[in-house]
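Heads up: the structure comes next, in structure tokens.
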Amino acid sequence: MNHFVSANDVNSIQLLVNQALAYKSNPFADAQLGKGKRIGLLFLNPSLRTRLSTQVAASNLGMEAIVFNVDKEGWALEFEEGVIMNGNTVEHIKDAAPVLGQYFDILAIRTFPSLKNKDVDYSEQLMHQFIKYAGVPIVSLESATLHPLQSLTDIITIQESLLANPIQHKKPKVVLTWAPHIKPLPQCVANSFAQWVNAWGEADFVVTHPKGYELSETYTKGATIQYDQAAALENADFVYVKNWSSFHAYGQMLSHDEAWMLTQQTMMQTNQAKLMHCLPVRRNVELSDELLDGSNSLVTRQAGNRVWAAQAVLANILHQQKQLI
Amino acid sequence: MNHFVSANDVNSIQLLVNQALAYKSNPFADAQLGKGKRIGLLFLNPSLRTRLSTQVAASNLGMEAIVFNVDKEGWALEFEEGVIMNGNTVEHIKDAAPVLGQYFDILAIRTFPSLKNKDVDYSEQLMHQFIKYAGVPIVSLESATLHPLQSLTDIITIQESLLANPIQHKKPKVVLTWAPHIKPLPQCVANSFAQWVNAWGEADFVVTHPKGYELSETYTKGATIQYDQAAALENADFVYVKNWSSFHAYGQMLSHDEAWMLTQQTMMQTNQAKLMHCLPVRRNVELSDELLDGSNSLVTRQAGNRVWAAQAVLANILHQQKQLI
Amino acid sequence: MNHFVSANDVNSIQLLVNQALAYKSNPFADAQLGKGKRIGLLFLNPSLRTRLSTQVAASNLGMEAIVFNVDKEGWALEFEEGVIMNGNTVEHIKDAAPVLGQYFDILAIRTFPSLKNKDVDYSEQLMHQFIKYAGVPIVSLESATLHPLQSLTDIITIQESLLANPIQHKKPKVVLTWAPHIKPLPQCVANSFAQWVNAWGEADFVVTHPKGYELSETYTKGATIQYDQAAALENADFVYVKNWSSFHAYGQMLSHDEAWMLTQQTMMQTNQAKLMHCLPVRRNVELSDELLDGSNSLVTRQAGNRVWAAQAVLANILHQQKQLI
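Following this line, the structure appears as structure tokens:
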């Protein structure tokens, strides 16, 4: 792959998943692949798992990772073309990106949406401008609308769970369910999970949420949309829990419906479903202690798998770079 | 050792001191010991010496150290069990710790006390929860009540000084004296120094402070408590200067008594005592320029020894991990 | 060289430029030179290019670079001698510098001027105190009045451009021109560029700015000062664009004269001059999009060359250290 900003950048999700699980068995299998290579990790927003797992993944491949917190250590970047920069922005992406592209072999970038202007957020200006101007592969560490390293991890975790506990029916039933939260969150994780599960094609995929929380069809097309959570959960093998704000009434919280928080009772209707969440999770708001601490929770394992997802992606890009030389 | 959060985690302080001094002579003696191992350095509070010396120590052992400023780069952690997380905390330690434990072979953590609630501070909730949930060895980079890497350094520095300048009498007289400050500070360094000197057992140990500044007997038991600084200093070989806020009137400054700041005059009563302080020091508030810049000051050497203390501790944990495999 | 804080620390600028261009051809030529050595990068002010290029340079030499953001991760330092530290400063440079000097083989430091007190800023207290107290080589990552790594980069970029496109006349005409800005900036880059071009001696050097923006003669002596920008630009081969605040009316903005922003029209008078700027640049305030995006702009290449400048300087210091052993 040249860049990694969405599922569309991946030829075969299954091959990438297999590679990730191979690295999990043998973390240092390609410890020389990244020798003499550098990845810059640029954060315009905070990150714990994504940052640390990508650093560990790079290091497992023998690459040097350098973290730069643009929001704290740097200054405000400008993205508009032709603007007279007499305001708060100090440097244009057109100038910063090609410079960073000279310092690093790969650039990985984290940014969040404003949740104020749908068109701006969904234009993914930052990622596209880095791709346009940096001259090196760009890896998304979560963007305004997608979180591909998380979604790859999610598929890896489902696959790993299925390998350990095969199911009888042909395809696992995977349910993405909206959960309550105290403030409006991006649609990234949900969009991205939908995009990847659909692109993977190995699941019977259902998305459930209160009315008004419909995600962009760009990502959910192919999934069954259910407004009745109980019906959606029936015979589910995997339940992915996540809050998001409204896409159509952009960035708004339409409902605080606490009944959407899963409990052991509501989970009874599933096929002893495994529980997933990308973390951080607000306990007893999004998900109850009893479920998070229960034996069906995959959340810790899922977060651990972030390393192998990042390692598979970086290795793929490094191999691609070697072929081009 | 499994963890390193207090003197109680150490079998033999003397062996650890000897190991540290051996590393000082030969920093790269175990440059392969930490190969392929990673330590996460998590800071909930700022740090200069502790952070840098631990990074250097890890690197001397061939380990990779990754710094994460939880307070600045991350978000507020929750520590209470069973709480409904609808407030400011974003992630529970029960979720964060096991994830971090998957990314790192050792986790080192710095936190400070609130100085508002003695029970909360002295419960050392953060350290205990990391030990409970992370699944890897935990190293304290200073906690709410103790600072074991500092105290190990202090013993190393006393030992090193004694080797270079042996004393006639059997045991050196070591005095910990309270000093004035402009704001309330934790009791950590003082508690910890008392705990380590007592556990080491190789000193005649006196603690001196104004009334009301009595430390917890958990740590001072075995030391002589003196309210008369001049009497305490008599024939001292080492004087350790440190401010702390009241333990009993928790977190309060009871006295600004400037007379407690040592001077060349008051030091006349000592046995040409060496002067120690953990730094940072407020000059001419805690200690005078003349003493800090004088030939008996060990403070710079002491701060330099932080590297060897950290290196001995990390090496000990790495050896322990190898034995367990 | 022992330290690197101004052009005066360099015996032969030309040799340093040649070394830098050699590293550009072969980045890993001295990949073992810095083995087992550590450089501490201390930031009292933000930095993007300087920080990242120095990290990359150190790594190319096999050195470990550790970044410490003193302003964010540490605390306020005191520089005055003999002061009673009962205010906001937490640690004296006299205590911090020798400690840092024990942790690192080289210390590199970034600080900015206050622009409030000329005498204080031009005394370069911070750099001088680090040189005095740290006991290891000090590298400026930009100080209150100079930015030597930038200026070395600038000479490298001019040299590189001349090698690729030789000029007919004996010496290139190099013009440093003031440009408008929205807020008062330090004189560092301009001072330093003037100092280096003069010390290099291989250019016909002109400085142009509105009246009142005269730089210190300490640095400009030897250059032609022109108040007429158009006249200054005539037959220029290189035009270096930079804003600075007044040196004489210290730290003030005397003029917002937008006519000083270069355009394609004003550049017509030059000898198809190459355009330089240290970045970050406020587009369409300091320099127009058309010039920055035009084929004569060297700014991206110039920023890329920061790596080779830093690498040549660090290698020089490392060689010097080896000779001293």
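If you read the sequences in order, they're chains A, B and C. Per the working numbering, the first sequence starts with residue 1, numbered consecutively. Per the working numbering, the second sequence starts with residue 326, numbered consecutively. Per the working numbering, the third sequence starts with residue 651, numbered consecutively. Even glycine gets a Cβ: it sits at the ideal position worked out from N, Cα and C.
Close Cβ partners of residue i (< 6 Å) along its chain, the five nearest in sequence each way excluded
i: Leu451 (chain B); result: Thr436
i: Cys928 (chain C); result: Gln800 and Val839
i: Val206 (chain A); result: Val175, Thr224, Gln226 and Ala232
i: Tyr219 (chain A); result: Asn191, Ala194 and Gln195
i: Gly547 (chain B); result: Asn523
i: Leu42 (chain A); result: Phe68, Val70 and Ile109
i: Met713 (chain C); result: Gly684, Lys687 and Ile689
i: Pro677 (chain C); result: Asn710
C-beta neighbour in chain B for residue i, strict 8 Å
i: Ala309 (chain A); result: no
i: Pro787 (chain C); result: no
i: Pro748 (chain C); result: yes
Cβ of residue i within 8 Å of any chain C Cβ
i: Gln129 (chain A); result: no
i: Asp95 (chain A); result: yes
i: Ile434 (chain B); result: no
i: Leu373 (chain B); result: yes
i: Gln102 (chain A); result: yes
i: Gly359 (chain B); result: no
i: Ala673 (chain B); result: There is simply no residue 673 (chain B) to check, as chain B begins at 326 and stops at 650 in what is shown.
i: Val10 (chain A); result: no
DSSP three-state assignment for residue i, whether helix, strand or coil
i: Thr807 (chain C); result: helix
i: Ser143 (chain A); result: coil
i: Ser439 (chain B); result: coil
i: Ala108 (chain A); result: strand
i: Ile138 (chain A); result: strand
i: His969 (chain C); result: helix
i: His328 (chain B); result: coil
Test: residue i CB closer than 8 Å to a CB of chain D
i: Thr950 (chain C); result: Annotation note: the requested chain D is absent from the structure, which comprises protein chains A, B and C.
Sequence-distant residues of its chain with Cβ nearer than 7 Å to residue i (five each side left out)
i: Pro462 (chain B); result: Asn327, His328, Ile431 and Ile642
i: Glu527 (chain B); result: Lys496
i: His831 (chain C); result: Asn893, Arg932, Val935 and Glu936
i: Gly785 (chain C); result: Pro748 and Gly751
i: Val120 (chain A); result: Ser114
i: Ser709 (chain C); result: Ala715
i: Gly576 (chain B); result: Leu440, Lys441, Pro509 and Ser570
CB contact check: residue i to chain A, cutoff 8 Å
i: Glu485 (chain B); result: no
i: Ile338 (chain B); result: no
i: Ile832 (chain C); result: yes
i: Arg631 (chain B); result: no
Neighbourhood of residue i by C-beta distance below 8 Å, restricted to the same chain and skipping five residues each side
i: Arg608 (chain B); result: Asp614 and Leu617
Closer than 7 Å, Cβ to any Cβ of chain B: which residues of the stretch 700–725 of chain C, in chain order?
Residues passing the 7 Å Cβ filter: Glu714, Ile716, Phe718, Lys722, Glu723, Gly724 and Trp725.
For the stretch 330–368 of chain B, list the beta strand (DSSP E) runs that are entirely contained and at least 3 residues long, ordered along the chain.
For the stretch 330–368 of chain B, whole beta strand (DSSP E) runs of length 3 or above, ordered along the chain, are 363–368.
Could you name each continuous beta strand (DSSP E) segment of 3 residues or more that falls completely within the stretch 536–619 of chain B, going from the start of the chain to the end?
Those beta strand (DSSP E) runs which fall completely within the stretch 536–619 of chain B and span 3+ residues are 549–551, 563–567 and 599–601.
Complete runs of the beta strand (DSSP E) confined to the stretch 363–406 of chain B [at least 3 residues]:
Secondary structure within the stretch 363–406 of chain B: the beta strand (DSSP E) runs of 3 or more consecutive residues, fully enclosed, are 363–368 and 389–394 (chain order).
Within the stretch 163–208 of chain A, ranges of the alpha helix (DSSP H) (whole runs, at least 4 residues):
The stretch 163–208 of chain A contains, as complete alpha helix (DSSP H) runs of 4+ residues, the segments 188–200 (chain order).
Could you list the residues in the stretch 586–619 of chain B with a C-beta less than 8 Å from some C-beta on chain C, going in chain order?
If the cut-off is 8 Å between Cβ atoms, the stretch 586–619 of chain B has Leu604, Pro605, Val606, Arg607, Arg608, Asn609, Val610, Asp614, Leu617 and Asp618 near chain C.
Residues, ordered as in the chain, of the stretch 16–42 of chain A that lie near chain B by beta-carbon distance below 7 Å
Residues of the stretch 16–42 of chain A with a Cβ closer than 7 Å to any Cβ of chain B, in chain order: Phe28.
Near-chain A residues of the stretch 405–416 of chain B - C-beta to any C-beta below 9 Å
Against chain A - using a Cβ distance shorter than 9 Å - the residues of the stretch 405–416 of chain B are Glu406, Gly407, Val408, Ile409, Met410, Asn411, Gly412, Thr414, Val415 and Glu416.
Proximal residues, the stretch 203–216 of chain A versus chain C, C-beta separation under 7 Å
Under the 7 Å Cβ criterion, the stretch 203–216 of chain A contributes no residue.
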